[in-house]
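Student:
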Amino acid sequence: MQNHFELFQLPQQFAVDTNALDAAYREVQSRVHPDKFVNATDAEKRVAMQWSTRSNEAYQTLKNPQKRAQYLCELNGVDLKMESNTAMPMEFLMQQMEWREELSEARADKDADLLDKLDGQLRAARKAQLAEIEQHCNAGDYHAVAQGVRALMFIEKFGEEVRFAYDAIEA
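Everything in the sequence shown is counted per the working numbering, starting at 187 for the first residue and increasing by one.
(1) Using C-beta distances below 8 Å, list every residue in its chain close to Q315, excluding the 5 sequence neighbours before and after it, in chain order.
(2) Name the two residues that bound the continuous alpha helix (DSSP H) containing P220.
(3) Is there contact here, the region 232-252 with the region 198-214, by at least three beta-carbon pairs under 8 Å?
(4) CB-CB under 6 Å to D305, same chain, minus the five flanking residues each way: which ones, in chain order?
(5) Consult DSSP for F344 and reduce its assignment to one of helix, strand or coil.
(6) So, is R217 buried or exposed, given that buried needs 16 or more other C-beta atoms within 10 angstroms?
(7) Whose C-beta lies closer than 8 Å to the C-beta of L207 among residues of the same chain, with five residues either side of it excluded?
(8) Compute the beta-carbon to beta-carbon distance between E320 and A201, rounded to the nearest angstrom, for a pair I have assumed lies under 8 Å.
(9) Which class does F200 belong to by DSSP, given the choice of helix, strand or coil?
(10) What do you reckon, are the CB atoms on N262 and Y328 nearer than 7 Å?
(11) Taking contact to mean 3 or more Cβ pairs, one atom from each stretch, closer than 8 Å, check whether the region 296-310 and the region 272-288 are in contact.
(12) How long is the line joining the alpha carbons of A354 and M274, rounded to whole angstroms?
(13) Measure the CB-CB distance between P220 and A229 and report whether it falls below 7 Å.
(14) Express the C-alpha separation of W237 and D299 in angstroms, rounding to a whole number.
(15) What's the gap between the Cα of A292 and the Cα of E356?
(16) Can you tell which of D265, G345, A294, D297 has the C-alpha that lies nearest to the C-alpha of K313?
Spelled out as structure tokens, the structure:
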């Protein structure tokens, strides 16, 4: 079976041309969308639905940098071990603690400016983490990619906490 990159005829790499991905997705969907099979047999409808679902899943995976990195790890035989492997570099753990302290302070003081600062730090950290993931992908170091994905997941989840804090301040 084709992998997601092959399905859309894209190079198997972290950097994805989103315009090419969008165009390839539309082209695949134009061939397999269930609406094109209204007069087909039940078996043909079922196959069309499976291909349409598969192309949707592939598109969502490749469109999202975190999911794309995870998928590249899987393709290269690296299990992210999300539940059991939470080890992170000490520097990143210290950064997490600083961010948590700032978030706690911002909540307590209802300080939107501090939340703005924290949000900016998280955006910069996300951008840096994505660049690092891309470097590791290009080097074929998928164990480092896996660690980068775990860090990115923390950054994105913590970003949600910051957004919830904004909502709490505004309420």
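Ideal placement from N, C-alpha and C gives every residue a C-beta, glycine not left out. As the structure is a prediction and not an experimental result, all values here were calculated from the model.
Tutor: This is what the structure holds:
(1) G334, A337, L338, I341
(2) No alpha helix (DSSP H) contains P220, which DSSP labels as neither H nor E.
(3) yes
(4) V348
(5) helix
(6) exposed
(7) F194, L196, Y245, L248, K249
(8) 6 Å
(9) coil
(10) yes
(11) yes
(12) 30 Å
(13) no
(14) 48 Å
(15) 13 Å
(16) G345
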